[in-house]
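Which chain is which? The protein sequence lines are A and B, in order.
With the first sequence counted from 1, adding 918 to any position gets you the numbering used here.
With the second sequence counted from 1, adding 7 to any position gets you the numbering used here.
Step one of this worksheet: look at the structure below.
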Amino acid sequence: MNGVLITAPQWVGILVGFVIGGLAEAWGIANPESIIRLTRWIDRLFITCVSLGGAFAVLLLYALYGFGIDMHFSLKPLYFYGVGLGGILFGIGLALSGYFPGSEWMALGEGRRDALFAIPAGLLGAASWTALYQTHAGQWLVSTANVGSVLITGQTIAQTSPLTLFLIAIPYALVLFAIAYFLPRFRKTKHSCLVAFVKGSCDEDNPQLHAIREDTAAYLLEGSIARKGGKAEKFARALSSEPNVYSPILIMIAILVGVAVVMGIMLHQIFGESTTYSWVVAVLIMPTYKYSVGVLTHIGWEPFSDIGTFLGAFFSAVLVTKRFTAFRKVVPPSWRNRFGNEDWKRAIGVFVGSYLMLFGARMADGCASGHILSGVVQMAASGLYFGVIVMIAGVITAKIVYGHVSEKVNP
Amino acid sequence: MLNKCGNKIIALLMVVSVIATIMIAAIATRGATGYIPDPYAWFYTLIIPVFLMLIVTAYYNEKDPY
Chain A
919 MNGVLITAPQ
929 WVGILVGFVI
939 GGLAEAWGIA
949 NPESIIRLTR
959 WIDRLFITCV
969 SLGGAFAVLL
979 LYALYGFGID
989 MHFSLKPLYF
999 YGVGLGGILF
1009 GIGLALSGYF
1019 PGSEWMALGE
1029 GRRDALFAIP
1039 AGLLGAASWT
1049 ALYQTHAGQW
1059 LVSTANVGSV
1069 LITGQTIAQT
1079 SPLTLFLIAI
1089 PYALVLFAIA
1099 YFLPRFRKTK
1109 HSCLVAFVKG
1119 SCDEDNPQLH
1129 AIREDTAAYL
1139 LEGSIARKGG
1149 KAEKFARALS
1159 SEPNVYSPIL
1169 IMIAILVGVA
1179 VVMGIMLHQI
1189 FGESTTYSWV
1199 VAVLIMPTYK
1209 YSVGVLTHIG
1219 WEPFSDIGTF
1229 LGAFFSAVLV
1239 TKRFTAFRKV
1249 VPPSWRNRFG
1259 NEDWKRAIGV
1269 FVGSYLMLFG
1279 ARMADGCASG
1289 HILSGVVQMA
1299 ASGLYFGVIV
1309 MIAGVITAKI
1319 VYGHVSEKVN
1329 P
Chain B
8 MLNKCGNKII
18 ALLMVVSVIA
28 TIMIAAIATR
38 GATGYIPDPY
48 AWFYTLIIPV
58 FLMLIVTAYY
68 NEKDPY
């Protein structure tokens, strides 16, 4: 398409990362317990927020494209075996560590002690994939059953007119809205939007939701700099109060995240977080490896947007949500109730989980940001395929690892 | 009173540091728009956030957690 193409300087990536990091921290994604609860299918906030943000973003993206603004699209290639195996490893690592590659930077911004183990492990995972990539096994994974960078229609963006893309985006966005609207956020809550839709009301003060609200706010603020009875506590409760994601705060955050992702695609590139690990490895220890050569020449502003993600979460945690923990000992309740409160056990769990997650992310050529968030927004087939496999692997792993142990802060 | 003053200083430091980090990135990258970032520019951009984290951690470590 020959429209208006904008290419912003690399440093603008810090601003995009800052906005997304700050908003995601407010969601609670920097807290590993949020992700562990997602894989335990207890709290599906992440799915509903990505669906909601994605629904707004996909319409905005393809509307702007239709109006003649060229985009820096970058659909990840869909190679079934590599993306599939990478997704399985990613899901296992996710359930163990409670981190995405991007949420590790956010957790560092929140002052979480276990993030100090997650990031070196992530670098080791990325280095392992860099070493494997140029072997026969690595090449087989990325080249076998590779259908290329295709949309959910099976065609590429270049093969599809902007008007057609927008027309496809409308029902696609409606499906995402429906997921966000009807998927109950919390497990075992009978009060979902579906019920509210049929009965015309949603009882926010029933004892079950009240207990969930108190527990969610408690784990979000555990070990933090917030004051008892302060604004941060009220904010955490407000974020935890809805059985579905239809509270004004959550809708606003989801829309802003979606807009920030679209701005990134319009200005320079898709939003990604895990390539930076491979880039650091390439710069410091493996510059001549085949995989490193590709990373060094194509990564774009991602190392800067990752600094922005860290800074945004840091800013939000200290000044807005007050969830900064100053690297105190805070073990996620699900992990604590299953394995105990010892630091070393948690460190091993995070290290192994983060290693597997980054190894899987690089094998699949993307993570929760590049594949799932940016993939959903671009209607990429690979993003949806990766996302489904990650969730299945994560839920199975969490079932095995955590079983039926309580997730409560005070079980 | 002293606590409130400290919190305000930290808040001001955060705002100034974020702006300074962005300015350092803009200067160090020289407004480059390409897809090959300069590792040295990235390193310079990291300096303020790292020191800011140390300062803020030291300050809040002295306070009682939630």
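Just so it is clear, CB atoms sit at the ideal spot from N, CA and C, and this is done for glycine as well.
For clarity, every value in this text was computed on a predicted model and none was experimentally measured.
Not a single CB atom of chain A sits nearer than 9 angstroms to the CB of Lys11/B.
Chain A places no beta carbon closer than 9 angstroms to that of Ile16/B, leaving this residue out of the contacts. Distance from Ala1244/A to Asn68/B at the Cβ level is roughly 5 angstroms; contact confirmed, criterion being Cβ atoms closer than 8 angstroms. Residue nearest to Phe974/A within the set Ile1203/A, Ile1188/A, Leu1094/A, Leu1168/A is Leu1094/A (criterion: CA-CA distance). Excluding sequence positions up to five before and after Asp1133/A, its CB lies within less than 7 angstroms of the CB of Lys1326, Val1327, all in the same chain and listed in chain order. Between the C-alpha atoms of Gly1321/A and Pro1125/A there is a straight-line separation of about 25 angstroms.
With a beta-carbon spacing of about 28 angstroms, Ile954/A and Trp1197/A fall beyond the 8 angstroms limit used to define contacts. Taking the C-beta atoms as reference points, Ala1144/A is found nearer than 9 angstroms to Lys1240/A. Excluding the 5 residues flanking it on each side, Glu951/A has same chain C-beta neighbours closer than 7 angstroms at Gly1016, Tyr1137, Pro1250, Pro1251, Ser1252, in chain order.
In the displayed model, Ala1244/A falls within coil according to three-state DSSP, outside both helix and strand. A straight-line Cα-Cα distance of about 21 angstroms links Ala1049/A and Lys994/A. Residues of the region 1031 to 1049 of chain A with a Cβ closer than 7 angstroms to any Cβ of chain B: none. For Leu1069/A, the secondary structure class from DSSP, reduced to helix, strand or coil, is strand.
Unbroken alpha helix (DSSP H) runs of no fewer than 4 residues, entirely contained in the region 1225 to 1289 of chain A, are found at 1251 to 1257, 1261 to 1282, following chain order.
Chain A places no beta carbon closer than 9 angstroms to that of Val23/B, leaving this residue out of the contacts. In chain order, Ile1225 make up the part of chain A whose C-beta sits under 7 angstroms from the C-beta of Leu53/B. Here Asp1133/A carries a helix assignment [DSSP, helix/strand/coil]. The C-alpha of Val22/B lies about 38 angstroms from the C-alpha of Phe1304/A. Assignment of Val922/A by DSSP, reduced to helix, strand and coil, places it in the strand class.
Less than 9 angstroms divides the Cβ of Phe1277/A from the Cβ of Gly1011/A. The CB of Arg1155/A never comes closer than 7 angstroms to any CB in chain B; the least such distance is about 13 angstroms.
Closer than 9 angstroms to the CB of Ala33/B there is at least one CB belonging to chain A. In this chain, Met1204/A is not harboured by any alpha helix (DSSP H), its DSSP state being neither H nor E.
By the beta-carbon neighbour count (other beta carbons within 10 angstroms, threshold 16), Ser1142/A is buried.
Ranked by Cα distance from Ile1097/A, the first of Leu1034/A, Arg962/A, His1128/A is Arg962/A. Taking a beta-carbon distance threshold of 9 angstroms, Ala39/B counts as an interface residue toward chain A. When DSSP reads this structure, Tyr997/A sits in a beta bridge with Asn1064/A.
Taking Thr52/B as reference, the option from Tyr73/B, Ile29/B, Met60/B with the minimal CA-CA separation is Ile29/B.
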